[in-house]
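The sequence shown runs contiguously to residue 513 in the numbering used here.
For each residue, glycine too, the CB sits at the ideal point set by N, CA and C.
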Amino acid sequence: MEIKSLPRNEDWFGRIFEDNPAGMIIAGLDLGYIRANPAFCRATGYADEDLRGLRITDIVHSGDREAAADMLERLLKDEISCARLEKRYVKKNGGLLWGNTMFYPARDALGKQLYLIGMVEDITERKQAEEDRALLSAAVSSSSDAVVIAATSGKIRYVNWAFEKITGYQKKEVLGANLKDLAKKTGQACCFPDAFDETVRTGNLWTGTTAGTRKDGTPYTVEDTIAPVRNRAGKVVNMIVMKRDITEKLRLESIAEAVNTMDNIGYIFSGIRHEIGNPVSSVKMALSVLRSKLDDGCTRELIDKYLDRAMAELSRMEYLLKAMKSFNIYESPDIRDMDMTAFTDNLGSLLVEDFKKKGIQIGVMVQPGAGCAHADPRALQQVLLNIITNAADALEGRPAPRIDIKVMKMAGRILVHVEDNGCGMPPKQVKDAFRPFYTTKPNGTGLGLMLAKKMITRMKGTIEISSEQGVGTAVDIFIPEGTDGK
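See the structure below:
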């Protein structure tokens with residue numbers, strides 16, 4: 028259908044149609060496109076000529092097409108004076124355009140419908156925002172962590188179902204109440220109210236672990252996160268508090284720790300039985316044989332032979348008992364700032380000559396700026412001597428044996444890296460390296476690395492081992508960085 032008299036730019040309607048920032052459509056009573064203005068063409072990606080020959084429902088999303096067609100049919104039958112619908116259009120590139128669409132009929136002087144005029148407001152951003160809010164709302168509502176939205180005063184504005192489950196308080200009981208007062212009521216008064224006020228004041232995120240009691244009096248422990256919500260001007264206007272119930276996690280960790288402790292105790296007693304039992308048996312055998320020889324008469328040389336054998340076994344037991352005693356030497360370590368350059372120089376002087384005789388080259392490197400560590404020098408030296416001795420044993424028979432010691436600053440900690448080019452270890456051996464009495468040495472006690480790990484842990488550090496069989500082993504010790512007088 029052509030409308031010969033339809034104005035373009037000659038009069039006010041033409042200017043409104045062409046220059047309108049909202050999309051406008053002229054359609055015939057058969058719903059075929061007659062004309063689309065530039066705003067509609069830009070929004071959909073179709074040129075005006077692309078739309079000719081199409082019906083106005085052809086580029087409507089299939090999910091909205093039936094409702095749109097029904098609304099237009101009622102409009103053409105004059106059952107309604109205006110057809111208004113929020114619907115999706117499929118753009119030329121396949122994307123979606125959400126449009127708040129309104130169609131109304133243009134009529135002649137007698138009121139007869141001539142054609143349809145459509146107005147399409149692009150509401151895609153609004154719909155996306157609504158969808159995002161709906162997704163966020165669903166996520167918050169279904170979260171297993173308790174979520175509380177409160178005013179900066181502490182007045183509770185929203186809680187999700189997980190809050191009810193964790194605390195035992197129903198939504199209707201707490202809405203409008205003060206979250207800080209509720210924390211005091213549930214036994215979290217120790218730090219939570221102060222942390223809430225501090226977050227309001229500074230705008231900084233706060234996390235911490237607090238213990239409390241549910242409504243029925245049962246104890247629980249939660250990880251709390253308090254975060255500020257700011258308006259567009261950057262002002263803190265609300266607070267979000269998330270509570271993760273870790274009561275069961277802590278219980279299971281406690282059980283696991285107890286089981287692990289019992290495993291280690293069993294392993295220790297098994298090791299003691301083996302490590303002390305063998306020398307005891309040897310001593311008994313040597314003394315038994317010696318006694319029988321004395322009855323038959325024997326030389327001084329023979330007596331010395333059996334006594335030396337017994338003394339050697341007793342010395343082995345003495346060494347083992349000393350190693351076990353050293354397990355508790357540093358229960359209260361003397362932790363202080365220590366200069367890592369001076370420390371490694373002293374350590375190197377202890378090692379170089381002795382290792383040179385064994386044909387092992389020692390390399391020591393301290394990264395400039397590594398500064399100082401916060402540790403116990405005696406304990407750290409004992410740990411490193413143990414590790415370096417293990418490395419020396421692994422280098423036996425290897426070509427160009429070498430041990431490198433590097434000290435570096437890394438992410439606020441001091442890293443002491445000890446690496447050798449020895450025989451290396453398979454993964455199973457690496458996994459068991461810190462277990463008590465686990466050793467692959469014929470004369471080892473299996474306590475060295477366990478003691479090393481305990482000492483490093485007491486200094487708030489960590490120790491890690493990586494190894495490749497036939498290539499070598501690396502040990503990384505991370506200890507806190509010192510202040511160096513700062």
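Contact between the segment 71-89 and the segment 51-59 is established, with three or more Cβ pairs separated by less than 8 Å. The beta carbon of R111 is closer than 6 Å to those of M129 in its chain, skipping five residues each way along the sequence. With contacts defined as CB atoms closer than 7 Å, G72 and N127 fail to qualify as a contacting pair. Within its own chain, the residues whose Cβ lies closer than 7 Å to the Cβ of P404, once the five positions on either side in sequence are excluded, are M365 and F370, listed in chain order. For the pair V263 and V256, the Cα-to-Cα distance works out to about 6 Å.
Residue pairing of F505 in beta bridges, as defined by DSSP: L442 and T489.
Restricting attention to P426, Y116, Y131 and E113, the CA atom closest to the CA of K104 is found in Y131. Excluding residues up to 5 positions away in sequence, A421, S494, E495, Q496, G497, V498, G499 and T500 lie with their Cβ nearer than 8 Å to the Cβ of G451 in the same chain. Closest in C-alpha terms to I273, from the list Y247, A260, I267 and R259, comes Y247. If you look at R271, you'll find it in the beta strand (DSSP E) that goes V263 to D272. Nearest to N265 by C-alpha distance, out of K114, G181 and V186, is G181. The closest CA to that of M146, considering only G138, A133 and R153, is found on A133. Judged by beta-carbon spacing, R429 lies beyond the 7 Å limit of G449, meaning their Cβ atoms are not closer than that value. Taking a contact as a CB-CB distance under 8 Å, the pair D251 and K270 counts as one, their CB atoms being some 6 Å apart.
A buried status is given to G50, since no fewer than 16 other beta-carbon atoms sit within 10 Å of its beta-carbon.
Remark: C-beta atoms of F461 and L478 do not approach each other more closely than 7 Å. The C-beta of V307 has fewer than 16 other C-beta atoms within 10 Å across all chains shown, which makes the residue exposed. Pairing I492 with Y333, the inter-Cα distance amounts to about 42 Å. Assignment of beta-bridge partners to A110 by DSSP yields F130.
Contact between the segment 171-186 and the segment 204-211 is established, with three or more Cβ pairs separated by less than 8 Å.
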